[in-house]
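Here's the structure we're looking at; comments come further down.
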Amino acid sequence: MKNIKWSQNRRSFIKTGALLGTGALLAGNTLSAIAKVESDSHELPPLGYAYNALEPFIDEQTMRIHHTKHHQAYVNKLNETLVNIKDVIGEKSMEDVFAELSTLKISDAAKSSIRNNGGGHWNHSFFWKLLKKNTLAQGKLVENINRDFGSMEAFKDLFEKASLSQFGSGWAWLISNGGKLSVVSTPNQDNPLMSITTNKGVPIIGLDVWEHAYYLKYQNKRGEYAKAFWSVLNWEQADKNYLTTL
Ligand code: MN3
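Using the working numbering, you'd call the opening residue of the sequence shown number 193 and step up by one each time.
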């Protein structure tokens with residue numbers, strides 16, 4: 193699951209160059225300084241579907257604000273942090289940086305930003321891909337959910353409980369450790385890839401249980417939102433996520 197790179201974004205460099213144009217006549221070193229920062233920066237990924245595509249289970253306004261305001265803010269703050277630590281981060285993938293978070297030679301403030309804003313960016317990028325109506329629960333993942341939890345109902349029950357019992361903001365996860373499935377939760381924007389968590393594994397399914405993810409439609413009823421999640425979970429994507437861990 194090395195789908196998000198710290199230095200993924202070469203398009204920004206090209207865009208910046210095009211924007212400046214040949215008439216800009218910038219000194220070479222100024223241009224290369226801009227390009228360097230830009231090439232290390234992340235962009236908000238497109239949702240890949242309309243903001244109202246998950247209605248009535250997740251409403252259009254929530255999706256729009258969640259994607260364009262909340263996720264964008266994580267991306268912006270992450271980019272601000274990366275400017276200062278790019279020599280340490282280099283070409284590492286986000287996943288590798290999460291795995292090395294405890295031992296990276298960066299300031300505590302930068303670590304905290306990677307945890308919150310890097311985590312926020314990764315978690316939401318992962319989450320958007322997991323949302324689609326009317327997909328069929330089938331394949332290896334479903335087979336092994338039955339193997340590891342006894343039944344689909346038992347798994348869903350456990351996952352909903354994890355969503356509810358995460359105090360304050362956080363995420364509920366289905367994770368894989370070499371194929372073995374378990375349900376965990378993490379606070380804030382932590383995720384199971386981070387060295388600082390006790391619930392390590394590869395995320396297969398994740399549910400954002402921050403109030404910003406559901407409050408407009410569900411208010412305080414997080415349990416109803418967690419139940420509605422099954423109607424918009426993209427099982428095909430979840431199965432793909434799982435197959436990479438076998
Ligand atoms: Mn969120």
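A virtual CB, placed ideally from N, CA and C, is assigned to each residue, including glycine.
Around the beta carbon of alanine 430, 16 or more other beta carbons lie within 10 angstroms, which makes this residue buried. Residue list for ligand 1: His258, His262, His316, Asp400, Trp402, His404 and Ala405 (CB closer than 6 Å to any heavy atom, chain order). A residue is called buried when at least 16 other Cβ atoms come within 10 angstroms of its Cβ; glutamine 411 does not meet this threshold and is exposed. For glycine 312, the closest C-alpha among the options Pro237, Leu438 and Ala245 is that of Pro237. Under the 8 Å Cβ criterion, the stretch 394–412 counts as touching the stretch 358–366, having at least three qualifying pairs. Counted as a single uninterrupted DSSP element, the beta strand (DSSP E) harbouring aspartate 400 occupies residues 394–400. The beta carbon of serine 423 lies closer than 6 Å to those of Phe249 in the same chain, with the five residues before and after it left out.
Where tryptophan 365 is concerned, the enclosing beta strand (DSSP E) starts and stops at 362–369.
For threonine 295, no beta strand (DSSP E) run applies, since DSSP gives it neither H nor E. Residue range 372–379 is occupied by the beta strand (DSSP E) that includes threonine 378. Proximity to leucine 438 across Ile367, Met386 and Glu416 peaks at Ile367, based on C-alpha coordinates. Leaving aside the five residues that flank leucine 239 on each side, the residues in its chain whose CB is nearer than 7 Å to its CB run, in chain order, His259 and Trp320. Shortest Cα-Cα distance from serine 317 to any of Glu235, Glu335 and Lys413 involves Glu235. In the DSSP assignment, leucine 246 is bridged to no other residue. Counting of Cβ neighbours within 10 angstroms places valine 275 among the exposed residues, the total staying below 16. In summary, alanine 242 is exposed, with fewer than 16 beta-carbon neighbours lying within 10 Å of its beta-carbon over all protein chains present. Scanning its chain for C-beta atoms nearer than 6 Å, with the 5 sequence neighbours on each side dropped, one finds around glutamate 416 the residues Tyr410, in chain order.
In the DSSP assignment, leucine 425 is bridged to Leu323. With fewer than 16 other beta carbons inside 10 angstroms of its own, proline 379 counts as exposed.
With respect to the C-alpha of glutamine 253, the residue from Leu322, Leu408, Trp314 and Thr273 having the closest C-alpha is Leu408.
Three or more Cβ pairs closer than 8 Å define a contact, and the stretch 320–330 falls short of that threshold against the stretch 283–292. In this structure serine 233 does not touch lysine 269 by the C-beta definition: roughly 12 Å separates them, more than the 8 Å allowed. For lysine 303, the enclosing alpha helix (DSSP H) has its first and last residue at 300–305.
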